[in-house]
Structures are given as C-alpha cells and as structure tokens.
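To start, the structure itself, in structure tokens.
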C-alpha cells in the first residue's frame, strides 16, 4: 500500500514537472519584449489599434525608395498595397479616395475596417502625412474609378506633369509621362 | 427600422436592377407597339445634355463678385480670377469667368442680334449627387447620412450623374433612358402603323444617360446615322455591305435562330438598319424650318473651331428634323471632355470655357433663328466639382459644383440653389482642401427638367428613384425654380 502511494506521488511529481517544462517552453517562444508602441501624433484624430509588426502592407513596401531599385518599383509597391487594401475594405461609400491625402489616411487606419495597413512613421509618408516618392514629392493619386487608382511620381525634377514623371495605370502598367 | 420612404426608394432601385436581359428585349419589341394614349399637346420638346467630362472646376466659373469675393480669393490663392475681370451677372452677387462673355450676355439679356433682350441662361449653385439631403457638414462627418458610392472618382461619378442612382445599380440605366421608357409610347403618338424612331440621340457615342429598360439610344455622328457598316451611307461599298447585312438578318436565317432571344436580336438589328436609313434621309436634307434654311443657319452660326462644335451642329439638325422623325420628345447627349485640370488649370480651363461659351451661344442662336428656342432646354452636368485649394498648378477631385441651364422655357437671369461658403475647412467643406458638399441634389435638378419634358408625377419615381428624399413630385411648385 505504501509502495502504491509512493508511486502515485512520483507520477504526480512527474506530471507537475512536465507542465512546468511546457510552460517554460511557451514563454521561451515569445519575443523577449513586445514591439515598442508607435508614437501617435498628439492630435485629436482617432487612434487605431496598432497591428503586429510588420503588417502585410509594410512587408510589400520593404525596400521602398531603395536607390538600388528602379523608381517605378516604388509605384508598383504602392499599387500592390492598394490592391490589397481594396480586397479587404469593401465599403465604397464611406472614406472615399479622391487623392493622396485620402489614400494616405486610409492606409494609416482611417478606413471602414479601422485597420492600420501602414504605420504613420513609415518612410512612405512625408512630414505632412502624404505618400511621397523617393525624391520627397507627394505621389499624385488619381482615382479613375472605385478601386482604380492611377499613380504618378513627379520624378527627379519634383514637378508633376512633366516629361520625367513616372506613371502607373490603375491596372499596374507603366504609362508614358504627361 | 426603415421608413416607408426609404423602403419605396430602395424597392424602386431593386426593381430597376433586377430586370432580366430577356425581359428587356421583349419589352423593346412590345413597348413600341403599345397603344398610344394622350398626346404631345402640339409642342415638341427637346432636352440637350452637355456633359463636361473630367470634372469641371465650376467654382472658377460662377464666382462671388461682391461680398464673399475675398473668401473666394483666399481659398483659391494662385488660381483666383481677379475680381475686376469677372463678367457681371446683373442683379446678383456673382460674376462669371472672363471667358464666358456670351453666357453673361444670355444671362443678362444683353446679347447681340436675335438674342437681344432675351434672358436665356440661369445657373444652379452647389448641386451634386446625393441619396438623401445632407443637413450639415457634421452629418457627413459622423456618417449619419447615406452617401453616394465612390465619391471623387471619375467613372463612378459620371455614371451617377447619368443614372441619378448614386447608391449604384445592378443593371445600368440612365435617367434619360428611363424617361424614354415612360414617355416614348405615350407622347410620341405620331409613331404609329409600324413606324418607330428612338427618341434618345447621342452625338458622343454610348453613354449610360440614355439607356432605358425598353428604350435605348441612337448614336449618330456629325455625318448622321452610324450604320452597322459604317457612317458613310452613299458609297457603293457601303451600300453593298449594308445590303449584305440585311440579307443575313432576313428571313432565311430566321430558321436557324431557333430561340426567342436570337429572333428578337435579329429583329432589333434589322430595325436598327431601317431606322438608320430613315433618319439619314431626313438628316441629309433637313430643308427649311419657319422659313429658314436649316443647313444655312447652322453654317452661318458662330461655332468655335473645335470638335465640340460638330456635336452641337448635329444636335441642331436632329432637333430641326424632329417633325419628319415623328418625335414630340427627344433627348440629345453631347460630351465635351478634358476638364480634369490637375495642372495648368488657369490657362486650360479658361480656354475650354471660352469654347463652351461660344458653342452654347452659337447653338442657342441657331435655335432662336429656327424658331425652336421655346422647345429646347440645354443643361450641363459634370463628374464633380473640384477642390478649392490649389495643388500648385490645378485642383483635385471634389464633389459639388455649379451648372448651366439655357433655353426659352427658363426664367433666365437667375442663380438658383444655395451658393456655399468657400472657406476651406468652413461649414460647407467636408475636408482635404475644400470639398464642398451639395445642398441641391442632381435629382431635384433633373426632376424640374423632366416635369417640363412631360414625365408625370406618378412616373417620376421610376425615373428618379430617390426623388422623394428631396421633393414630392406631386407638388405644384418646381423643385428648383429655374423654369418659368
């Protein structure tokens, strides 16, 4: 009888030990510390929940403005993000996109889903919050129809609608400037 | 909880959207054989839509001249038109862009020649696409009102101006087309004994505006009917191709078109060729009207040297032959594109306004000379107005704008509607650089035109499904008040 009690005690001890070991393993799998919260500008705008880092859109934007890549690639990255945005956000009446400020705000979370696609401290945004190209000019966002945005970078001369512009049609095809 | 009004409005939209293609085709064959009732009361009427595609910056067309000019100048900064250059609209606080000399004259009744003393133009301020009234900026911002789909985008807003159903439709039809559905067989009563001519003519290709459920649009060019085998109806090659097309559609093949759909399609195609030939016969030789040679009047009119003039000339001719076409009612669609001025606005906008000004003046001159002025209303529409704030060289996409109405049936010389505050971030600006929200709905604008045109109060809901959100069609007063 005494042997049975000892055996039961040993089994119980082993079970507790196994549980403790499993719990330790899960802790070890977690990051050492949560990502630092993104600084929200001290304005009266609505604050949106910050997604785990990086978001899918931010992953697409990896290498944005990298001098080693052709400048048109920057517009292609935005285009892919826009495609993703419209596949998630379905409401066409609220938060309409009529230009760069609307798209920039929508990507930062001002959209029907209240979802942050790109954090506001991402290099895609300039100081005034607009989406900028690698030369620092605001990208011209031209809505030809719902979900169909033409994108234009002003190019090295930083002046839109000139010969050195880079233009991407809503279908993602590069167009001649002007 | 939905109100009865909302339910009726949505039900109307659903009914429009759910009609099947087959049903449409069957209606097409039946509607025009329907027993004609009523009549046109002796007056023939034409509605002419001039669509300014691209989004005309109409807050740089109709401009505060006194009082709020400083507010305008501050908002528009480098795009502001100097106060001293504005064309005065008498008895109002407004002026017109300096390119609009003739429009100002037709507004003031100071035009030359046959237009002397006639006030033929009025303006509508702050009009746009709406599902229901927006009582305040806050109502927009807090989302308490139903909003049009995809505001600020070209294609959606063009579609919504032409359908007047800004919540969107499953099957597209335009308000001009739906008006034809309810008017054509009841007012164009001369079309009997198998004669059929459509009442919706486009001189600018296909548009949603004139597509109905049973009635369609008849596309013409400056040369006249656009046949299945090309626009030129006089060459031997054309005639041969045309005959071949007729032979294909003729009865021997009908055996192979074994189902109703194919037979209906064949009959429609055949009818189209016949209608084209009938139209062309009159269009090529419009003859005289009220003692005036139509072709000569058009040739002598001061149309500007611009492609748009060809469309206006074709419209004059099509209106002039309406009796030969047995039409008591007709609509015409003209499109003037290129108003998307994100850059170089001052120069390009001014140049295009000058063309529009000249074309409208020449068009009205033709109508006056031919004795048609009291039967025709010409009106403008555009995708949207533009942001008040300059982007440096131009303006971006916005919402509400101002429109022109012209014709003898108007009480000319008025600015109707509620001209908004042009203060950026002010009470009428919904944000991002001066986007003015509309106080006057496109529905109210169109309803007034359609009342004149002959759409009854009972039919108005099927033509303008949202109208009751703004106006009771049975009312004894006009919704806007630009008509006499």
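Protein chains in written order, with full-length UniProt numbering: chain G, 1 to 178; chain D, 1 to 484. Each residue gets a CB set at the ideal place from its N, CA and C atoms; glycine is no exception.
Burial state of residue i (16 or more Cβ within 10 Å)
i	result
residue 385/D	buried
residue 170/D	exposed
residue 477/D	exposed
residue 237/D	exposed
residue 435/D	buried
residue 439/D	buried
residue 355/D	buried
residue 371/D	exposed
residue 127/G	exposed
residue 468/D	buried
residue 176/D	buried
residue 76/D	buried
Below-8 Å beta-carbon distance, residue i vs any chain G residue
i	result
residue 119/D	no
residue 149/D	yes
residue 143/D	yes
residue 487/D	The displayed coordinates of chain D run from 1 to 484. Any statement about residue 487/D would go beyond what the structure contains.
residue 156/D	yes
residue 478/D	no
residue 343/D	yes
residue 469/D	no
residue 432/D	yes
residue 6/D	Residue placement at residue 6/D is flagged as unreliable, the pLDDT there being 45, under the threshold of 50; a coordinate-derived value is accordingly withheld.
Nonlocal neighbours in the same chain, by C-beta distance under 6 Å from residue i, ignoring five residues either side
i	result
residue 373/D	367, 408
residue 191/D	326
residue 279/D	225
residue 140/D	134, 430, 437
residue 412/D	119, 120, 121, 122
residue 41/G	With a pLDDT of only 45 at residue 41/G, under the threshold of 50, the placement of this residue in the model should not be trusted, and no figure is reported.
residue 328/D	40, 44, 187, 188
residue 503/D	An answer regarding residue 503/D cannot be provided, because it is not within the stretch 1 to 484 covered by chain D.
residue 111/D	105
Beta carbon proximity, residue i to chain D, threshold 8 Å
i	result
residue 132/G	no
residue 146/G	yes
residue 161/G	yes
residue 170/G	no
residue 191/G	No information on residue 191/G is available, as it lies outside the stretch 1 to 178 that chain G covers here.
residue 176/G	no
residue 34/G	Its pLDDT being 42, under 50, residue 34/G is placed unreliably in this model, and the value from its coordinates should be taken loosely. Judged by the 8 Å Cβ criterion, residue 34/G is not in contact with chain D.
residue 154/G	no
residue 102/G	yes
residue 158/G	no
residue 129/G	no
residue 87/G	no
residue 97/G	yes
residue 92/G	yes
residue 143/G	yes
Beta-carbon proximity of residue i to residue j, cut-off 8 Å
i	j	result
residue 301/D	residue 362/D	yes
residue 85/G	residue 125/G	no
residue 168/G	residue 95/G	no
residue 391/D	residue 61/D	no
residue 152/D	residue 359/D	no
residue 424/D	residue 388/D	yes
residue 199/D	residue 406/D	no
residue 166/D	residue 124/D	no
residue 334/D	residue 286/D	no
residue 126/D	residue 309/D	no
residue 213/D	residue 206/D	no
residue 143/G	residue 151/G	no
Other residues of its chain near residue i: CB distance less than 7 Å, five sequence neighbours each side excluded
i	result
residue 481/D	416
residue 108/G	116, 118, 120
residue 168/D	149
residue 73/D	80
residue 63/G	69
residue 99/G	141
residue 295/D	286
Cβ-heavy atom distance, residue i to the ligand ZN, below 7 Å
i	result
residue 60/D	The model on display carries no ligand, and the ligand ZN is accordingly not part of it.
8 Å Cβ shell around residue i - same chain, five flanking residues per side excluded
i	result
residue 323/D	44
residue 98/D	81, 85, 86, 87, 350
residue 162/G	154, 155, 177, 178
residue 282/D	321, 324, 325
Mind listing which residues of the segment 388–419 of chain D have their C-beta closer than 9 Å to chain C's C-betas, in chain order?
Absent from the structure: chain C. Protein chains present are G and D.
At what residue ranges does the segment 318–390 of chain D contain a whole run of the alpha helix (DSSP H), taking only runs of 4 or more?
345–369
Could you name each continuous alpha helix (DSSP H) segment of 4 residues or more that falls completely within the segment 157–195 of chain D, going from the start of the chain to the end?
175–187
Those runs of the beta strand (DSSP E) which lie wholly inside the segment 52–82 of chain D and span at least 3 residues:
62–64
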